[in-house]
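Chemist:
Residue numbers (this note's numbering), protein chains in the order written: chain A, 1 to 283; chain B, 1001 to 1554.
(1) Strictly below 7 Å CB to CB, what residues from chain A border residue 1560 of chain B?
(2) What are the start and end residues of the alpha helix (DSSP H) that includes residue 97 of chain A?
(3) Is it buried or exposed, residue 1009 of chain B, if we count other Cβ atoms within 10 angstroms and call 16 or more buried?
(4) What residues in the region 221 to 250 of chain A bring their beta carbon closer than 7 Å to a beta carbon of chain B?
(5) For residue 212 of chain A, which of A:190, A:269, A:135 and A:167 has the nearest alpha-carbon?
(6) Is there at least one Cβ from chain A nearer than 8 Å to residue 1361 of chain B's Cβ?
(7) What is the rounded straight-line gap between the Cα of residue 1026 of chain B and the Cα of residue 1089 of chain B?
(8) Going by Cα to Cα distance, which pick from B:1251, B:1528, B:1093 and B:1258 is closest to residue 1193 of chain B?
(9) Counting only beta-carbon separations shorter than 8 Å, does residue 181 of chain A have a partner in chain B?
(10) Just to make sure I have the definition right: I need the residues of chain B whose C-beta is within less than 7 Å of the C-beta of residue 194 of chain A. Which are they?
(11) Less than 8 Å separating the beta-carbons of residue 1262 of chain B and residue 1215 of chain B?
(12) Could you tell me which of A:96, A:189 and A:156 sits nearest to residue 1393 of chain B, measuring between CA atoms?
(13) Helix, strand or coil for residue 1346 of chain B per DSSP?
(14) Which residues share a DSSP beta bridge with residue 1026 of chain B?
(15) Is the beta carbon of residue 43 of chain A closer than 8 Å to that of residue 71 of chain A?
(16) Taking Cβ positions, are residue 1197 of chain B and residue 1165 of chain B nearer each other than 8 Å?
(17) Does DSSP classify residue 1116 of chain B as helix, strand or coil?
(18) What are the start and end residues of the beta strand (DSSP E) that includes residue 1480 of chain B?
(19) Going along the chain, which unbroken runs of the beta strand (DSSP E) with 3 or more residues stay wholly within the region 1190 to 1269 of chain B?
(20) Within the same chain, show all residues whose beta-carbon is closer than 7 Å to that of residue 1270 of chain B, passing over the 5 residues directly before and after it, in chain order.
(21) List the residues of chain A whose Cβ lies closer than 9 Å to the Cβ of residue 1430 of chain B, in chain order.
(22) Please return the same chain residues whose Cβ sits closer than 7 Å to the Cβ of residue 10 of chain A, not counting the five positions on each side in sequence.
(23) Taking CB distances under 8 Å as the criterion, tell me whether residue 1391 of chain B reaches chain A.
(24) Are the C-beta of residue 1364 of chain B and some C-beta of chain A separated by less than 8 Å?
(25) If you drop the 5 nearest sequence neighbours on each side, which residues of the same chain put their C-beta closer than 6 Å to that of residue 1289 of chain B?
(26) Would you check if the region 156 to 164 of chain A and the region 178 to 187 of chain A touch, i.e. whether three or more CB-CB distances between them fall below 8 Å?
(27) Got a sec: is the Cβ-Cβ distance from residue 202 of chain A to anything in chain B below 8 Å?
(28) Rounded to a whole number of angstroms, what is the C-alpha to C-alpha distance between residue 1201 of chain B and residue 1131 of chain B?
(29) Do we get a CB-CB distance below 8 Å when we pair residue 9 of chain A with the residues of chain B?
(30) Note the first and the last residue of the continuous alpha helix (DSSP H) segment covering residue 181 of chain A.
(31) So residue 1171 of chain B is in the beta strand (DSSP E); what residue range does that whole segment cover?
(32) Starting from the C-beta of residue 1100 of chain B, find all residues in its chain whose C-beta is less than 6 Å away, skip the five residues before and the five after it, and write them out in chain order.
(33) Tell me which same chain residues have a C-beta within less than 6 Å of the C-beta of residue 1066 of chain B, skipping the five on either side of it?
(34) To the nearest angstrom, report how far apart residue 1538 of chain B and residue 1530 of chain B are at their CA atoms.
(35) Are the CB atoms of residue 1179 of chain B and residue 1075 of chain B within a distance shorter than 8 Å?
(36) Of all the residues that make up the region 1382 to 1408 of chain B, which are near chain A by a beta-carbon distance shorter than 7 Å?
Here it is in structure tokens:
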């Protein structure tokens, strides 16, 4: 501890302290994001093409991650799956958290009737089982990417609302809120400038957790055949459709599982290790 | 070291903290301290002087982020710093006990008081629970708590602040420690309550023969209870002496400053004036409270009842009373935070709406309120410049450049260095935060500032400096203040007129310049309860027990 004083932590020149875990997690997320964006140009084979006559092949020079239960190239399918898993889940979680947190803070700041109506309505929504809700919506309007995204978002709004409202209610009792109120500030300023900076960290942590839930729910829906339609598949669907390869230790079932794990764990690690502003600038 | 006459010997103690940039700061820079058996030593100094940090090292403890980096702390011959953590934990509560500043925060709100008081004996396996309970009741009696047999069955929210503070003393004393650390135990209490708590502490400590460390910033309180006083500043002991030596023959300039800050600063500009035709603020028959309005027109729980006041331009009004007397509610009602149930508020010749929502932005700007606790009044997530910049943008529509210049001016006005702009409130000291809190009110260019106990959380020297600052700003900006406080000396120093409140009602109006003694019995009690810089004051204090019973909810 005594000797560590001379060396300043990395990144102190920028006024931020980075954590090596956070940087690694960010790198992994960025890598998946790039894969998701560029997948159509990266894949060696079209996702639906059967490249091998044998199924559940191990890793080879030809098929980098082996083949799936129909003999399709697993590498291409995982890369394309990243598009759907990352894209749909990210869009859904951002919509869910943005609306949920905004409504939650508004309810906390407004109080009274607004709070009661919003809370009861969202309580009612959260009482609908999520899978069932997804089933009904997809059965009614058919499965497409926008429908899936919105459905997933709506399912997770009540949770985000409850969470942020609970946090905001505590902040709302502080004197600086009273000061801002009798200054004549609008609700928008109160929630955006006074409350949000105080709850942003837990809200981001919640976003990471909710992202994981959405990835899992999306995988579940895909397994039921209500998610993406074949030959396209997200990572959850890849795990499910290749589950038969487990006794053969086929990479087809392990690789998409690892992909899900790497993404969800990195999201959580990043959120726990966001760069922190160094405020003691006199050093 | 065994056989040493001193119970505690701190030698060359150094404590350091590490900032988030990896810079190290010495909080205690080689301080030494001895405490004889049965002696009470006071550590006195402003916030940030390291007095609590030093007291905590007596338990071998440094707060998170801090580290004891040198020296020895001998308690009863054992060097606490050399012991393993497990051994130290065994000594805490049995050899050395701690009484925190805020008893309300130290008690678990969801457990009965008795279970919490005897927890120490359970953890250390000192005695069976039945015996511990008996001992606790005996301590409650010694601390002159009401209904000592049953008070332990209550929950912390069911007793008053003064009682809770004494209960936390019982919690510390039950393990029969050799040394008790008092960390500003009466700072948060009313003067009338403080007397009772101090008396109880003094009696118990005298009869048990325990040694004590009394951490405080209030010299007058310390003078009542301590045998010796150590004056700390910037992590160094500046002066040590017996209580009488420090009070009457102080040598160090800082000690003299402390003493001077305590002395009364008569209000130099408080000459009586002829009342003007149009007061700045006039309140008539104001009633406010909580809960639904009852058939008789009063709220369910009235906090302020039929108060009438008037305050003229450039003059100050003081409102004093104990906690629960409705003085803060009165300020909140004037500011429109809690709309009045009845009565009229006229500001600058125009009637003010009861609720802040219905007032115009200009009206809101002209009356600013400064809250007691700068910790909760400043948004911890924002930099000082953003906190000060918002009223400038909101009320005056200043652009970024104009704001920057004005923020610098405001910081100069409240005598803060401009380099603090980028900091967050948590990185400032209590006095600095209160100055920022005040600067935010000034940013609105108000005519009237409601100061709600703004010096109560500050040390004597800092509070005196803040009061001086208020006076100075008043001369420059022709402001008026309504100054709410439970500290009479503070109010007397700045106000032209003082209103004494009790139980939501105005009981007396006093003009300090006339130097008339207070007439109402409650005012008399209140004025008599302010500690004096005289070691014998508490023992000599003779209060009419009937008065005390009537007016003190102890």
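For every residue, glycine included, the Cβ atom is placed at its ideal position computed from N, Cα and C. Computed from a predicted structure; not experimentally measured.
Modeler: Taking the coordinates as given:
(1) In the structure as shown, chain B starts at 1001 and stops at 1554, and residue 1560 of chain B therefore has no counterpart that could be examined.
(2) 74 to 110
(3) buried
(4) none
(5) A:269
(6) yes
(7) 25 Å
(8) B:1528
(9) yes
(10) 1379
(11) no
(12) A:189
(13) strand
(14) B:1016
(15) no
(16) yes
(17) helix
(18) 1480 to 1485
(19) 1211 to 1216, 1228 to 1233 and 1236 to 1242
(20) Summary for residue 1270 of chain B: the model assigns pLDDT 49, below 50, so the residue's position carries little reliability; its value from the coordinates is reported in the next sentence. Taken in chain order, the residues that qualify are 1496, 1512 and 1513.
(21) Result: empty, since nearest Cβ-Cβ is about 15 Å, beyond 9 Å.
(22) Per-residue confidence for residue 10 of chain A stands at a pLDDT of 46, beneath the threshold of 50, marking its modelled position as unreliable; no derived number is given.
(23) yes
(24) yes
(25) 1299, 1301, 1302 and 1303
(26) no
(27) no
(28) 23 Å
(29) Note that residue 9 of chain A scores 46 on pLDDT, short of 50, meaning its location in the model is unreliable and no value can be drawn from it.
(30) 175 to 183
(31) That residue, residue 1171 of chain B, is in no beta strand (DSSP E); its alpha helix (DSSP H) goes 1161 to 1173.
(32) 1106 and 1183
(33) 1015 and 1017
(34) 10 Å
(35) yes
(36) 1382, 1391 and 1394
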